[in-house]
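*Asks:*
There are 2 protein chains.
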Amino acid sequence: MNNEITSTSTATRSELSELLSDLVSVTNRLTRIAAQATGESTSPATWRTLSVLSSFGPMRLGELAKQSRVSQPTMTKIVANLNEVEWIRRIADVDDARAWQIALAPKGIKALDEWRDRLGSALAPLFTDLDHEEIDVISRAVDLLHECTDVRAADVVKAA
Amino acid sequence: MNNEITSTSTATRSELSELLSDLVSVTNRLTRIAAQATGESTSPATWRTLSVLSSFGPMRLGELAKQSRVSQPTMTKIVANLNEVEWIRRIADVDDARAWQIALAPKGIKALDEWRDRLGSALAPLFTDLDHEEIDVISRAVDLLHECTDVRAADVVKAA
DNA sequence: GACAGATGCATAGCTGAGCTATGTATAGTA
DNA sequence: TACTATACATAGCTCAGCTATGCATCTGTC
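Line by line, the protein sequences are chains V and E.
Residues in the first sequence are numbered from 1 upward in steps of one, following full-length UniProt numbering.
Residues in the second sequence are numbered from 1 upward in steps of one, following full-length UniProt numbering.
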């Protein structure tokens, strides 16, 4: 059995790329656990979309597609669904009759909050053994990841 | 614009569940970035499967399904595909004629390594601004996440 | 100010991952 | 031996996401 990287704590990694692929692997796993634990029916892309709106405020459908990292037709569908359940509102763009501003609606804010709760509650049991300092490490890491993926990320991949 | 959580660094989180949902959100995003940047054609579940085999060694198809967090029929498909490209081998179980041991083949090890490289290379540019200490924080966080998701996770969700 | 090309969103249709339900063969057990 | 449980395979469905394309509107050039 070859337990190289995936083993346990304080693995020493020589390369940044090694760290990043580990990160993606482990969080991929975490996401799967969360999905199964919550029996989530709404797609990840939908939550990404709501998160983006929550973070950056109303924006055009196309822009939203880029930020949420889906194609424009996919975003058209997502927005249509979100509109039906009234989690977002479509606001006509006064400057451009082709465009819409997509805004988070109160129900959407509520849904996003509840999702965060469900997710947190489902995963929290896995992390009960961690002490305060370890929680803090993860917290700082999440902050760093936010910084690194927020805006500049858009430019790295096939610049918009 | 309501930049509460997703904003920038050193967000203070009152709840563990808040941290965890942030973590899932941000890594979900990261995974999307990686997928688009590498133009990945192989499914995440396939990489999870190979990772599991790499970490824990050969195991039965059913066990592999649980560890990779997919249904057994899905794993049957994944294994069939992996077998065709010779990334794994099927070894008849001597004790049970119904069962197979699934083992990582040399080509699979190679493919996994290459995937890690691609992933790392694609994401590394996002992280160039981080200093050594910050990288270390992420590294420790990844280790912690490994610990918390490895084995016990299986029990949390609808105990196998 | 009219036409050409660019841009924003919608629609059509496809692919592929993952699921549930079920089938088939082998194990275990009374 | 027969009955149930278990391991994997098969069938068929659903849904997310994609590309290609259509339609409407905007922008720039002559």
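From the three backbone atoms N, C-alpha and C, an ideal C-beta is built for every residue, glycine too.
Could you check where the alpha helix (DSSP H) with E/R32 kicks off and where it finishes?
*Replies:* Locating residue 32 of chain E in the second sequence gives position 32, where the first residue counts as 1. Per DSSP, E/R32 belongs to the alpha helix (DSSP H) from 16–38.
*Asks:* Using three-state DSSP, classify V/W87 as helix, strand or coil.
*Replies:* Translated into the one-based positions of the first sequence, residue 87 of chain V becomes position 87. It is coil, neither helix nor strand.
*Asks:* Between the alpha carbons of E/E4 and E/T27, how many angstroms are there, rounded?
*Replies:* Taking the second sequence and counting its residues from 1, the one referred to as residue 4 of chain E is at position 4. Taking the second sequence and counting its residues from 1, the one referred to as residue 27 of chain E is at position 27. With a pLDDT of 40 at E/E4, under the threshold of 50, the modelled position of this residue cannot be trusted; read the value that follows with caution. Going from the Cα of E/E4 to the Cα of E/T27 covers about 18 Å.
*Asks:* Considering only the alpha carbon of each residue, which of V/I102, V/V85, V/E84 lies closest to V/A92?
*Replies:* Reading the first sequence from its first residue, position 92 is the one you call residue 92 of chain V. Ranking the options by Cα distance to V/A92, first place goes to V/I102.
*Asks:* Any C-beta of chain E within less than 7 Å: which residues of the stretch 93–106 of chain V qualify?
*Replies:* none
*Asks:* Compute the Euclidean distance between the alpha carbons of E/L20 and V/D129, then round it to the nearest angstrom.
*Replies:* As a first step, residue 20 of chain E is located in the second sequence; it is residue number 20 there, counting from the start. As a first step, residue 129 of chain V is located in the first sequence; it is residue number 129 there, counting from the start. Whole-angstrom Cα-Cα distance: 14 Å.
*Asks:* For a test of the three-state rule: what should DSSP assign to E/A97, helix, strand or coil?
*Replies:* On the second sequence, position 97 is the one that residue 97 of chain E refers to. Three-state result, E/A97: coil.
*Asks:* Distance cutoff 9 Å, beta carbons only. Does V/L82 sit that close to anything in chain E?
*Replies:* If you number the first sequence from 1, residue 82 of chain V lands on position 82. So, not an interface residue.
*Asks:* Starting from the beta carbon of E/V142, find every residue of chain V whose beta carbon is closer than 7 Å, and list them in chain order.
*Replies:* For the purposes of this step, residue 142 of chain E is identified with residue 142 of the second sequence, where counting begins at 1. Near E/V142 (Cβ distances below 7 Å), the residues of chain V are L19, D22, L23, V26.
*Asks:* Nearest to V/S68 by alpha carbon, out of E/R140, E/E15, E/A35, E/D136?
*Replies:* Taking the first residue of the first sequence as position 1, residue 68 of chain V is located at position 68. In this structure, E/A35 is the residue among E/R140, E/E15, E/A35, E/D136 with its C-alpha nearest to the C-alpha of V/S68.
*Asks:* Alpha carbon to alpha carbon, how far is E/T46 from E/R116? Give it in angstroms, no decimals.
*Replies:* Here residue 116 of chain E refers to the residue found at position 116 of the second sequence. Here residue 46 of chain E refers to the residue found at position 46 of the second sequence. The alpha-carbon atoms of E/R116 and E/T46 are separated by roughly 13 Å.
*Asks:* Sort E/S25, E/D136, E/P44 by Cα distance to V/S54 and report the nearest one.
*Replies:* Mapped onto the first sequence, residue 54 of chain V falls at position 54. Out of E/S25, E/D136, E/P44, E/S25 has the C-alpha closest to the C-alpha of V/S54.
*Asks:* Let me know the secondary structure DSSP gives E/A105 once reduced to three states.
*Replies:* If you number the second sequence from 1, residue 105 of chain E lands on position 105. E/A105 falls in the coil class under three-state DSSP.
*Asks:* Using only alpha-carbon positions, find the residue among E/A97, E/L104, E/L126 that is nearest to V/T149.
*Replies:* Taking the first residue of the first sequence as 1, we reach residue 149 of chain V at position 149. The candidate whose alpha carbon is nearest that of V/T149 is E/L126.
*Asks:* Give the DSSP-derived three-state secondary structure of V/D60 in the structure shown.
*Replies:* Locating residue 60 of chain V in the first sequence gives position 60, where the first residue counts as 1. Per the sequence shown, the amino acid found at residue 60 of chain V is Arg instead of Asp. DSSP places V/R60 in strand when its eight states are reduced to three.
*Asks:* State yes or no: is the beta carbon of E/Q72 nearer than 9 Å to at least one beta carbon in chain V?
*Replies:* For the purposes of this step, residue 72 of chain E is taken as residue 72 along the second sequence, with counting starting at 1. No, E/Q72 lies away from the interface with chain V (no Cβ there is under 9 Å from its Cβ).
*Asks:* Near V/R48, which residues of its chain fall below 6 Å by C-beta distance, leaving aside the five closest residues on each side in sequence?
*Replies:* Position 48 of the first sequence, counted from the start, is the residue given in the question as residue 48 of chain V. S68.
*Asks:* At the 9 Å Cβ level, is V/L119 part of the contact set with chain E, yes or no?
*Replies:* Within the first sequence, the letter at position 119 stands for residue 119 of chain V. Chain E contact via Cβ: present.
*Asks:* Using beta carbons (cut-off 9 Å, strictly below), is V/V137 in contact with chain E?
*Replies:* Translated into the one-based positions of the first sequence, residue 137 of chain V becomes position 137. Yes - at least one Cβ of chain E is within 9 Å of the one on V/V137.
*Asks:* Which residue from E/E18, E/L123, E/L112 puts its Cα closest to that of E/S43?
*Replies:* Sequence index remark: in the second sequence, residue 43 of chain E carries index 43 (1-based). Of E/E18, E/L123, E/L112, the residue nearest in Cα terms is E/L112.
*Asks:* Starting from the Cα of V/A97, find the closest Cα among V/S71, V/L123, V/A122, V/R60 and give me that residue.
*Replies:* Residue numbering aside, residue 97 of chain V sits at position 97 when the first sequence is read from its first letter. Of the listed residues, the one whose Cα sits closest to V/A97 is V/R60.
*Asks:* Bridge partners for E/A92 per DSSP, in chain order?
*Replies:* Here residue 92 of chain E corresponds to residue number 92 of the second sequence, with the count starting at 1. DSSP, once it has assigned bridges, lists E/W100 as partnering E/A92.
*Asks:* Checking contacts by CB at 9 Å: is E/I33 closer than that to chain V?
*Replies:* Reading the second sequence from its first residue, position 33 is the one you call residue 33 of chain E. True, the Cβ-Cβ gap to chain V drops below 9 Å.
*Asks:* Starting from E/S139 and walking both ways along the alpha helix (DSSP H), at which residues does that stretch end?
*Replies:* As a first step, residue 139 of chain E must be located in the second sequence, where it is residue number 139. Where E/S139 is concerned, the enclosing alpha helix (DSSP H) stretches over 132–149.
*Asks:* DSSP state of E/D129, grouped into three classes?
*Replies:* Here residue 129 of chain E refers to the residue found at position 129 of the second sequence. E/D129 falls in the coil class under three-state DSSP.
*Asks:* For E/H132, count neighbouring Cβ atoms within 10 angstroms of its own Cβ and tell me buried if that reaches 16, exposed if not.
*Replies:* Position 132 of the second sequence, counted from the first residue, corresponds to residue 132 of chain E. Result: exposed.
*Asks:* I want to verify the contact list: residues of chain V whose CB lies under 7 Å from the CB of E/A124, in sequence order.
*Replies:* Sequence index remark: in the second sequence, residue 124 of chain E carries index 124 (1-based). Near E/A124 (Cβ distances below 7 Å), the residues of chain V are L16, S17, L20.
*Asks:* Between V/F56 and the rest of its own chain, which residues show a CB-CB distance below 6 Å, the 5 nearest in sequence each way excluded?
*Replies:* Here the question's residue 56 of chain V lines up with position 56 in the first sequence. Excluding positions up to five away in sequence, the list is empty.
*Asks:* Would E/A80 be called buried (16 or more neighbouring beta carbons within 10 Å of its own) or exposed?
*Replies:* Counting from 1 along the second sequence, the entry for residue 80 of chain E is found at position 80. Answer is exposed; the Cβ neighbour count stays below 16.
*Asks:* Whose C-beta lies closer than 7 Å to the C-beta of V/S7 among residues of the same chain, with five residues either side of it excluded?
*Replies:* Within the first sequence, numbered from 1, the residue matching residue 7 of chain V stands at position 7. Since pLDDT at V/S7 reaches only 38, below the 50 mark, its modelled position is unreliable, and the value read off the structure follows with that caveat. So no residue of the chain qualifies.
*Asks:* Give the residues of chain E in contact with V/R60, contact being defined as C-beta atoms less than 7 Å apart.
*Replies:* For the purposes of this step, residue 60 of chain V is taken as the residue at position 60 of the first sequence. Under the 7 Å cutoff, chain E gives no residues; its nearest Cβ is about 15 Å from V/R60.
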